[in-house]
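Please read the structure below before turning to the comments.
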Amino acid sequence: MLSVSCSSHDIDTTVTPQPGLSAGGCMAGFTITLDSGGGDIRSRLASRAPSEGDYEAGTYAENYIDIDGKDFMILFFDKEDRYIGALDNVLVIIESSDGSMKRYRVSGTVPVSVVDDAGQEFKMMMLANWRHDYPQPEKGSALQDIASSTLAAYTFDYSDDQRVGRERPIPMFGVSNLISGQEFDPGWETDLGTLHMLRAYAKVRVRAHGDGLPITSVSLTRGNSRGYRAPLGVSRQDDYVHGSYARDYYRKPSVPADSEQLTDIPFIHSDNDDLWTLYLPEFANLGLDADGRPDPRAPLADDSRARIRVTFDGHVGYEYVDFKYYSAPPAYAGEDAREGDYFDLLRNTVYDFILRKHSGSAEVDVEVDVQPYAEQVLRPGFGLMRDEMGDLMILPEKDVNGNDSLPEFFMDYLHRYGKEDILKEFPLESLVEGDYYAIHRGQDGEMANAEVWLKDIDGARVLENFRPKDDNDENCSTRYVELYFGLDKYYYHKDRDGDRRLHHFQNHWTVVLDRKDYTVFKSPDNLWRYEVESFDATNPDELYIVADPPEDADNYYFIKVTNGEITNEKVIIPKNP
-4 MLSVSCSSHD
6 IDTTVTPQPG
16 LSAGGCMAGF
26 TITLDSGGGD
36 IRSRLASRAP
46 SEGDYEAGTY
56 AENYIDIDGK
66 DFMILFFDKE
76 DRYIGALDNV
86 LVIIESSDGS
96 MKRYRVSGTV
106 PVSVVDDAGQ
116 EFKMMMLANW
126 RHDYPQPEKG
136 SALQDIASST
146 LAAYTFDYSD
156 DQRVGRERPI
166 PMFGVSNLIS
176 GQEFDPGWET
186 DLGTLHMLRA
196 YAKVRVRAHG
206 DGLPITSVSL
216 TRGNSRGYRA
226 PLGVSRQDDY
236 VHGSYARDYY
246 RKPSVPADSE
256 QLTDIPFIHS
266 DNDDLWTLYL
276 PEFANLGLDA
286 DGRPDPRAPL
296 ADDSRARIRV
306 TFDGHVGYEY
316 VDFKYYSAPP
326 AYAGEDAREG
336 DYFDLLRNTV
346 YDFILRKHSG
356 SAEVDVEVDV
366 QPYAEQVLRP
376 GFGLMRDEMG
386 DLMILPEKDV
396 NGNDSLPEFF
406 MDYLHRYGKE
416 DILKEFPLES
426 LVEGDYYAIH
436 RGQDGEMANA
446 EVWLKDIDGA
456 RVLENFRPKD
466 DNDENCSTRY
476 VELYFGLDKY
486 YYHKDRDGDR
496 RLHHFQNHWT
506 VVLDRKDYTV
516 FKSPDNLWRY
526 EVESFDATNP
536 DELYIVADPP
546 EDADNYYFIK
556 VTNGEITNEK
566 VIIPKNP
């Protein structure tokens, strides 16, 4: 049994606990991840080499956890997988600095009862985006009961649930391996490591090959009406994270017994990139072998499994595409994979199809890629990472003299395909921290037909470079960018610090929205930054900033700013009027 000085009988609750202690518990924290790691693009490149196989990065919307709505729950289990308590006073912050929502930091209070009951061996579980429908386990109940509880099952709305994002986030689940030998030190927050989360949905994408007939409709022949927010049979992280593309992640679908099979489910079409997309619960396409495991060479009958139904422009009738390898599988699919192997539709996995049909041909050429969502960085063509949109990333590197330069293969690529204009419009010396060149491939996926863009640290495409300094230009010293959020595009003016410009004063002080969505009043050199209490875009020349309060702890203090100048006028508001 672990006895630590942060248990309740060691704390005098009449005094304020030290940092890292709680009256009745110990402070602990851990990281949850939906991708390869936090930090900006450069640090991720430097800190982690890519692994074999392509992993899907996940969009901002697919990585989103409803922190503000407190739509999450963190549970603890002992070494026998019995429930012993939950994390209290939970604080969750976004740790990703690239705006991707892929990495979060969780901290809170571990109740004394958990520490005492667990000893130095326990597991933790996180549930997120369950629409606040969380099980309330009793002490001693089994870990496996969480996934199979009635609250873990959900009904999937094929219309509304396609709008993945803040209003309709994807349910998630994660559980650690057994944590052993963990001590909780008084005065410190104990780090419990990293928890990898699984999204509950599968994702299917379909597009036409550039030199074939355009696609006019896509639908799924069968899909389940219900799913489980957590996978059945998973009791530790090693059940779904193996560090290998061929084995990640969970390999067997979890389907509620009362799920109905729906038919003729339409995909959502994006005009921007002519992509057809569908999110859905897990679906079993495979029969089982003698050991009860899904058998990729024993698919269910045509009228029992999920297939993709497609129509092409200028062609009469439907074409059916199966979830299977139509040619030799890639090496990263595993040494046991064979041409003709079928797939189940699994959570946390993306199924990518490129279809090519020629006029008058009876056949459809199918290219398929099965990608678990990223827990490792990507390595597509050139051995490069891909960003959120799947664009190939080219970052500056240092030459032998320590100067910024571009990789030789990239310069050869630009010359070979006549794309050098990108370096005239956005020369290397004009880049700021976090910028990178991106190769954006079109419908045909061909490098020769790709566009080359400049993107910033948030993955936004730079449309115009920085304007010159001008007292009377609202957007002086900013550049114009385009940012995708799901299927929508947004346009902003951003300054050299990556802040979004809201207003510019003639003295070049500005009001901006920073990368954490705080409104800030800042100096031209960015040395002075003040949190803005109130800002009215219809009357931008007058605002109030938050002042550092004196020892008077009973009031809030604000200072008026007029035409970009900080005045001596203060506003004092009682905290408890």
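Its first residue numbered -4, the sequence shown is counted upward by one per residue in our numbering.
C-beta: ideal position from N, C-alpha, C; glycine also.
Kindly provide the ranges of any beta strand (DSSP E) runs that are 3 or more residues long and lie completely inside the stretch 72 to 154, ordered along the chain. Within the stretch 72 to 154, the complete beta strand (DSSP E) segments of 3 residues or longer fall at 78 to 81, 83 to 89, 98 to 106, 116 to 123, 148 to 150, listed in chain order.
Go through the stretch 472 to 510 residue by residue and report every complete run of the beta strand (DSSP E) that reaches 3 residues or more, in order. For the stretch 472 to 510, whole beta strand (DSSP E) runs of length 3 or above, ordered along the chain, are 473 to 480, 483 to 490, 495 to 499, 505 to 508.
Use the C-beta contact count for Val311: other C-beta atoms within 10 angstroms, 16 or more gives buried, fewer gives exposed. Taking the first residue of the sequence shown as 1, we reach residue 311 at position 316. Sixteen is the threshold: since fewer than 16 other Cβ atoms of the shown chains lie within 10 Å of the Cβ of Val311, the residue is exposed.
Rounded to whole angstroms, what's the CA-CA distance from Asp394 to Ser400? Just pull it up for me. The residue labelled residue 394 in the question sits at position 399 within the sequence shown. The residue labelled residue 400 in the question sits at position 405 within the sequence shown. Taking the straight line joining both Cα atoms gives about 6 Å.
When you compare the CB positions of His488 and Arg496, do they come within less than 7 Å of one another, or not? For the purposes of this step, residue 488 is identified with residue 493 of the sequence shown, where counting begins at 1. For the purposes of this step, residue 496 is identified with residue 501 of the sequence shown, where counting begins at 1. At a Cβ-Cβ threshold of 7 Å, His488 and Arg496 count as neighbours.
Measure the Cβ-Cβ separation of Ser102 and Gly80 and say whether it is below 7 Å. Counted from its first residue, the sequence shown places residue 102 at position 107. Counted from its first residue, the sequence shown places residue 80 at position 85. Contact flag unset, no.
In terms of residue numbering, what span does the alpha helix (DSSP H) encompassing Asn577 cover? A query on residue 577 cannot be resolved here, the shown segment of the chain reaching from -4 to 572 and no further.
Who are the Cβ neighbours of Pro166 in its own chain at under 6 Å, not counting the five residues just before and after it? Position 171 of the sequence shown, counted from the first residue, corresponds to residue 166. Around Pro166: Asn124, Trp125, Ala195, Arg224.
My assumption, with CB atoms under 8 Å, is that Leu350 sits in contact with Ala203. Please give the rounded CB distance. Position 355 of the sequence shown, counting from 1, holds the residue named residue 350. Position 208 of the sequence shown, counting from 1, holds the residue named residue 203. At roughly 6 Å, the Cβ-Cβ gap stays under 8 Å, so Leu350 and Ala203 are in contact.
So, are the CB atoms of Ser171 and Lys118 less than 7 Å apart? Counting from 1 along the sequence shown, the entry for residue 171 is found at position 176. Counting from 1 along the sequence shown, the entry for residue 118 is found at position 123. In contact: Ser171 and Lys118 (Cβ atoms closer than 7 Å).
Residues bridged to Val213 [DSSP beta-bridge criterion]: The residue labelled residue 213 in the question sits at position 218 within the sequence shown. DSSP lists Val305 as partners of Val213.
Could you check whether Phe318 and Phe338 sit closer than 7 Å to each other, using their CB atoms as the reference points? In the sequence shown, the residue the question calls residue 338 occupies position 343. In the sequence shown, the residue the question calls residue 318 occupies position 323. The beta carbons of Phe338 and Phe318 sit closer together than 7 Å.
Can the beta-carbon of Leu341 be found closer than 7 Å to that of Pro248? Position 346 of the sequence shown holds residue 341. Position 253 of the sequence shown holds residue 248. Between Leu341 and Pro248, the gap from beta carbon to beta carbon is short of 7 Å.
What are the residues that DSSP puts in a beta bridge with Phe67? The count along the sequence shown starts at 1 and reaches residue 67 at position 72. Note: Phe67 sits in a beta bridge opposite Ala123.
For Leu257 versus Asn280, is the C-beta distance shorter than 7 Å? What you label residue 257 is simply residue 262 of the sequence shown in a count that begins at 1. What you label residue 280 is simply residue 285 of the sequence shown in a count that begins at 1. The answer is no: Cβ separation not under 7 Å.
So what does DSSP say about Asp407, is it helix, strand or coil? Taking the first residue of the sequence shown as 1, we reach residue 407 at position 412. Under the three-state reduction of DSSP output, Asp407 falls in the helix class.
Figure out for me which residue from Ile554, Lys517, Thr272 has the closest Cα to the Cα of Ile210. Taking the sequence shown and counting its residues from 1, the one referred to as residue 210 is at position 215. Its Cα nearest to that of Ile210, the residue Thr272 stands out among Ile554, Lys517, Thr272.
Spatially closest choice to Arg246 from Lys484, Glu277, Asn550, by CA coordinates: The residue you call residue 246 lines up with position 251 of the sequence shown. Comparing Cα-Cα distances from Arg246 to each of Lys484, Glu277, Asn550, the minimum goes to Glu277.
Excluding the five sequence neighbours on either side, which residues of its own chain have a C-beta within less than 6 Å of the C-beta of Pro535, listed in chain order? Walking along the sequence shown from the start, residue 535 turns up at place 540. Within its own chain, the residues whose Cβ lies closer than 6 Å to the Cβ of Pro535, once the five positions on either side in sequence are excluded, are His498, listed in chain order.
Under 7 Å between the Cβ atoms of Arg302 and Thr189? Locating residue 302 in the sequence shown gives position 307, where the first residue counts as 1. Locating residue 189 in the sequence shown gives position 194, where the first residue counts as 1. Result no, Cβ atoms of Arg302 and Thr189 do not sit closer than 7 Å.
Exposed or buried, what is Ile576 when buried is set at 16 or more other beta-carbons lying within 10 Å of its beta-carbon? Absent from the structure is residue 576, since the part of the chain shown begins at -4 and ends at 572.
Under the three-state reduction of DSSP, which class applies to Lys570: helix, strand or coil? What you label residue 570 is simply residue 575 of the sequence shown in a count that begins at 1. Annotated three-state conformation of Lys570 is coil, per DSSP.
Of the choices Tyr315, Phe404, Glu459, whose alpha-carbon is the least far from that of Val213? In the sequence shown, the residue the question calls residue 213 occupies position 218. Per the C-alpha coordinates, the member of Tyr315, Phe404, Glu459 positioned closest to Val213 is Tyr315.
Residues bridged to Val359 (per DSSP): Translated into the one-based positions of the sequence shown, residue 359 becomes position 364. According to DSSP, Val359 shares a beta bridge with no other residue.
From the DSSP output, read off the bridge partner residues of Thr258. Taking the first residue of the sequence shown as position 1, residue 258 is located at position 263. Paired residues: Arg217.
Would Asn550 and Pro569 be called neighbours here (beta carbons separated by less than 7 Å)? The sequence position of residue 550 within the sequence shown is 555, counting from 1. The sequence position of residue 569 within the sequence shown is 574, counting from 1. For Asn550 and Pro569, yes; Cβs fall inside 7 Å.
Helix, strand or coil: which one does DSSP assign to Glu441? The residue given as residue 441 occupies position 446 in the sequence shown. Note: Glu441 maps to coil in three-state DSSP.
To the nearest angstrom, report how far apart Tyr50 and Gln366 are at their CA atoms. Working through the sequence shown from its first residue, we reach residue 50 at position 55. Working through the sequence shown from its first residue, we reach residue 366 at position 371. Residue placement at Tyr50 is flagged as unreliable, the pLDDT there being 42, under the threshold of 50; the coordinate-derived value follows with that caveat. As the crow flies, the alpha-carbon of Tyr50 is around 5 Å from that of Gln366.
Would you list the one or two residues that DSSP bridges to Asn167? What you label residue 167 is simply residue 172 of the sequence shown in a count that begins at 1. Per the sequence presented here, residue 167 reads as Met, with Asn not at that position. For Met167, which the question treats as bridged, DSSP gives the partners Ala123, Arg194.
Quick check: Gly207 and His353, are their CB atoms within less than 7 Å of each other? By one-based count along the sequence shown, residue 207 stands at place 212. By one-based count along the sequence shown, residue 353 stands at place 358. Going by C-beta atoms, Gly207 is nearer than 7 Å to His353.
How many Å lie between Asp35 and Asp453 at the Cα? Counting from 1 along the sequence shown, the entry for residue 35 is found at position 40. Counting from 1 along the sequence shown, the entry for residue 453 is found at position 458. Low confidence applies to Asp35: its pLDDT is 31, below 50, so where it sits in the model is not reliable, and the reading given next is rough at best. Asp35 and Asp453 have their C-alpha atoms spaced approximately 9 Å apart.
In the structure shown, what three-state DSSP assignment does Glu428 receive? Translated into positions along the sequence shown, residue 428 becomes position 433. Glu428: coil per DSSP, three-state reduction.
Evaluate Pro289 with the Cβ neighbour count: other Cβ atoms within 10 Å of its Cβ, from every protein chain shown; 16 or more gives buried, anything less gives exposed. For the purposes of this step, residue 289 is identified with residue 294 of the sequence shown, where counting begins at 1. Residue environment: Pro289 is assigned as buried (16 or more neighbouring CB atoms within 10 Å of its CB, all protein chains considered).
In terms of residues, what are the limits of the beta strand (DSSP E) holding Leu449? Walking along the sequence shown from the start, residue 449 turns up at place 454. That run of the beta strand (DSSP E) goes 446 to 450.
Starting from Pro463, follow its DSSP beta bridges and name the residues at the other end. Counting from 1 along the sequence shown, the entry for residue 463 is found at position 468. In the DSSP assignment, Pro463 forms no beta bridge with any residue.
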